[in-house]
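Numbering (the working numbering), first residue to last: 6 to 516.
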C-alpha cells in the first residue's frame, strides 16, 4: 500500500514539472513575437511609411504578461494542492501503520488465547479419558471389590482430615503450653526478689598515714615484691592519700590479700616473714567465711543432707562472679526459681532446688583444670555423694550431655531465667577473667612450676618455680616456652611479659 502512494506522488510531481516547462516555453514564444516584427520593419527602412488603418501599440505585450501571471498563479495553486494532498497521504499512511500494529497485537493475543484454550481442551480431554477408564474399571468390579474401593477412599479421606485436625490440635497445644509456661515463669519471678552486686577487680586498704606507704614498699621494694609473690595480687601505690589498692582478677585471692594487708598495716611490722604469717592467717579467715556463707545459703533454701566437704566450694562462690553476677547469689536465686517451678507443676521441690543450687559448683574448681565447669561440678558432686539426678542436672545444664531427668530440665530453665534477666550479667568482665585464668593455666601446666599469677590486668604472668627442679638455664627456656604458647593460643592487645622467679630461702631458728 505504501509503494502505491509513493508512485502516485512521483507521477504528480512529473506532471507538475511538465506543466511548468510548457508554461515557460509559451512565455518565451510570446516575448519573441514583437522582436520578429521589429526585424521585418528594419529590412524595409528605405520604403516610405504606409498609412495603417489599424495602428499596433503595446497592447499585445501587456496581454502576454497578464496571461503569464495567470498561468504562474494557476501553477502555484496547483502546487499547493499537490502539497496538501501529499501531507494528507503521509498522515493516512501513519494511521494505517498504527492500525496494522494494533491488528498485529490483537492477532498475538488471539493466538495466545487459542493456545490456552487448546491446553484446557487437552486437559479436559485427559480428564474425560481418565473418567472413562475409571468407569470401565469400576464396571468390571464385583460388589465386594467396589465395597473395598469405597472403604479405601473413605479411609484415605479420613486420614487426611485426621492429620489436619491433629495439626490444629498440636498448634493449639503449643499455644496453650507457651501461655501456661509464661504464667508459671511470671508467677515464679514475682515470688523471687534478688539483690545483685556489681563485680570489681580492685580492693582498697585504708592506711593510718601516708608514711605507711613507705613501709609497705620496703627497702628497694622488698616488702611489696614479697607480698605480691606470696598473695598473687598487684599492689598499687599511687598518689591517693591514705589508701593503697590491691588488684587481681581472682576475688578469693584478692580477699585473702586484703585481709593480710589489713593485719600488716594494723600491726605496723612489715617484712617478708611477717607477710607469710599474715597471709596464712588470712587464708584461714577466708576459709571460715566460706564455711559460714555455705551454711547460711543452705539454711536459707532449706536443703538438708549436703556433704560438708562441699561447703568450702559453695562458700568460695560468694567471691566469684560470672558476667557481673555473684555466683553464690545466682545459685540461691536458681534454687528458689527451681523450687517455685517444681511446686507449680507438681514435682518435688527439694530435689529441684538442690540440683539448681549446685549446678555451678564447678566454677569453684575450674581454675584447677582444663575441663568445663559443668563437667568439673558433676564430678565434684558425684565424689561427695549426690544423687544421679543431681549429677546429671549439673553436667547437662549447658547441654554438654543429654538431660535425663526433670531436675535437669528445671535447672536449665531456672539458670536461663536468672541469667537472662535484664541487668543481671555483664559479658566483658567474664571474658577478661577467662583470659587471665587461661594465662595461669598455661604457666602451671609446665613441669617445675609451683605457682603462677596473672598480674597487672593480664599484662604480666609471674611464674614461681621449684629451685631444685628448674635451674637458671631452665628458667630462661621455661619463659620462652610459656611466651610461645601464650602467643599461639590467646588473642590480646599489646604485649604480655612472662617473669620466671627462682628463689631459694633458708630458715633456721636460733635457740
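Glycine is no exception: its CB is placed at the ideal position from the N, C-alpha and C atoms. Bear in mind the structure is a predicted one, so any value in this text is a computation, not a measurement.
- With contacts defined by Cβ atoms closer than 8 Å, residue 28 and residue 111 do not form a contacting pair.
- Collapsing the DSSP output to three states places residue 501 in coil.
- By the C-beta criterion, the segment 252-264 is judged not to be in contact with the segment 215-228, since fewer than 3 inter-stretch pairs fall below 8 Å.
- Taking residue 140 as the centre and dropping the five residues before and after it, the same chain places no C-beta closer than 7 Å to its C-beta.
- Going by DSSP, residue 467 is part of the beta strand (DSSP E) stretching over 465-470.
- DSSP lists no beta-bridge partner residue for residue 293.
- When secondary structure is reduced to three states using DSSP, residue 459 falls in the strand class.
- In the three-state reduction of the DSSP assignment, residue 251 falls in the strand class, which pools E and B.
- The DSSP assignment places 239-241 and 248-252 as complete runs of the beta strand (DSSP E) inside the segment 230-280, in order along the chain (cut-off: 3 residues).
- Cβ-Cβ separation between residue 467 and residue 504: approximately 5 Å, consistent with a contact (criterion under 8 Å).
- Just so you know, the alpha carbons of residue 381 and residue 169 end up roughly 48 Å apart.
- Beta-bridge analysis with DSSP links residue 506 to 469.
- The straight-line gap separating the alpha-carbon atoms of residue 281 and residue 397 is approximately 42 Å.
- Assignment of beta-bridge partners to residue 129 by DSSP yields no partner.
- Residue 402 counts as buried, since at least 16 other C-beta atoms from the protein chains shown sit within 10 angstroms of its C-beta.
- Residue range 332-350 is occupied by the alpha helix (DSSP H) that includes residue 332.
- The DSSP-derived three-state label of residue 157 is helix.
- Between the segment 349-357 and the segment 408-422, the count of C-beta pairs closer than 8 Å reaches three or more; the two stretches touch.
- In terms of Cβ geometry, residue 394 and residue 412 form a close pair [threshold 8 Å].
- Between residue 235 and residue 222, the C-beta spacing is not below 8 Å.
- Remark: three or more beta-carbon pairs, one from each stretch, lie closer than 8 Å, so the segment 288-296 and the segment 310-323 are flagged as touching.
- Rounded to whole angstroms, residue 488 and residue 502 show a C-alpha spacing of 8 Å.
- In the structure shown, residue 207 adopts extended strand secondary structure according to DSSP, grouped into three states.
- Annotation for residue 324: no alpha helix (DSSP H) segment contains it, and DSSP assigns it neither H nor E.
- Cβ atoms of residue 379 and residue 400 come within 8 Å of each other, at about 6 Å.
- For the options 307, 70 and 172, the alpha carbon positioned closest to that of residue 32 is the one of 70.
- Cβ contact annotation for residue 455 (same chain, cutoff 7 Å, sequence separation greater than five): 469, 470 and 471, in chain order.
- Under the DSSP definition of a beta bridge, residue 454 partners with 470.
- A residue is called buried when at least 16 other Cβ atoms come within 10 angstroms of its Cβ; residue 497 does not meet this threshold and is exposed.
- For residue 353, there is no enclosing alpha helix (DSSP H), since its DSSP letter is neither H nor E.
- For residue 223, there is no enclosing alpha helix (DSSP H), as DSSP marks it with neither H nor E.
- The shortest CA-to-CA distance from residue 389 to any of 132, 363 and 490 is the one to 363.
- If you draw a 10 Å sphere on the C-beta of residue 304, you find fewer than 16 other C-beta atoms in it, and that means exposed.
- Under the three-state reduction of DSSP, residue 512 is assigned to coil, being neither helix nor strand.
- Per the C-alpha coordinates, the member of 250, 333 and 283 positioned closest to residue 424 is 333.
- For residue 209, the closest C-alpha among the options 178, 175 and 270 is that of 270.
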